[in-house]
Amino acid sequence: MIFLKTFFVALVAFEHLYFLILEMFLWTTPKGIKTFGLKSKEFANDTKVLAANQGLYNGFLSAGLIYSIIVKENNTTIFFLICVIVAGIYGAYSTKKIRLFYVQAVPAILALILSAL
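The numbering used here runs 13 ahead of the 1-based position in the sequence shown.
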């Protein structure tokens with residue numbers, strides 16, 4: 014059970030590390046534009062500072078989860094997983110893209126369930 018929990022927490026952490034890379038470094042590239050469904054390269058350029066800030070927050074979530082794995086601190090794991098779940102729910106609601114819920118919140122929910130057992 015511990016392996017499965019660690020696997021899902023690490024999965025969520027690496028997802029958010031990937032989001033950091035996409036938002037901070039690839040936002041204005043074809044990969045970033047396609048991934049986030051941006052309407053144009055100009056729009057991507059106009060919003061890159063906001064995206065970089067958002068990417069930084071995803072990096073903090075990733076760092077918190079990685080830290081919780083290293084120090085084996087379940088309360089820290091639970092705190093950061095709840096943050097991810099709230100972000101996933103809000104992101105899906107505010108953008109009207111349910112896919113965000115499945116990509117971001119569902120793995121965190123699974124990790125949270127495993128952390129609570």
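Every residue gets a Cβ at the ideal spot worked out from N, C-alpha and C, and that includes glycine.
Figure out for me which residue from the options has the closest Cα to the Cα of residue i.
i: lysine 18; options: Leu51, Ala76, Leu69 and Lys85; result: Lys85
i: valine 25; options: Gln117, Ala129 and Ile126; result: Gln117
i: glutamate 28; options: Lys110, Leu127, Val62 and Leu74; result: Leu74
i: isoleucine 34; options: Asn66, Ile122 and Thr90; result: Asn66
i: asparagine 87; options: Ser128, Ile111 and Ser107; result: Ser128
i: proline 120; options: Phe21, Phe16 and Met14; result: Phe21
i: glycine 77; options: Lys109, Lys54 and Ile95; result: Ile95
i: tryptophan 40; options: Lys61, Lys52 and Ser107; result: Lys61
Please report how far the alpha carbon of residue i lies from the alpha carbon of residue j, in whole angstroms.
i: glycine 104; j: leucine 130; result: 27 Å
i: alanine 64; j: methionine 37; result: 6 Å
i: phenylalanine 93; j: phenylalanine 32; result: 16 Å
i: methionine 14; j: isoleucine 111; result: 29 Å
i: isoleucine 91; j: leucine 125; result: 6 Å
For residue i, which residues from the same chain have a beta carbon less than 8 Å from its beta carbon, with the 5 sequence-adjacent residues on both sides left out?
i: leucine 113; result: Gly101, Gly104 and Ala105
Given residue i, which residues of its chain have a CB within under 7 Å of its CB, disregarding the five upstream and five downstream residues?
i: threonine 48; result: Leu35
i: alanine 23; result: Ile82
i: leucine 123; result: Phe21
Please return the same chain residues whose Cβ sits closer than 6 Å to the Cβ of residue i, not counting the five positions on each side in sequence.
i: leucine 30; result: Ser75
i: threonine 89; result: Ser81
Handout entry: Cβ pair count under 8 Å reaching 3, the region 80-95 against the region 56-70
Key = no
Exercise for the section: Specify whether the region 41-58 and the region 92-103 touch according to this definition: at least 3 beta carbon pairs, one from each stretch, less than 8 Å apart. Expected result: no
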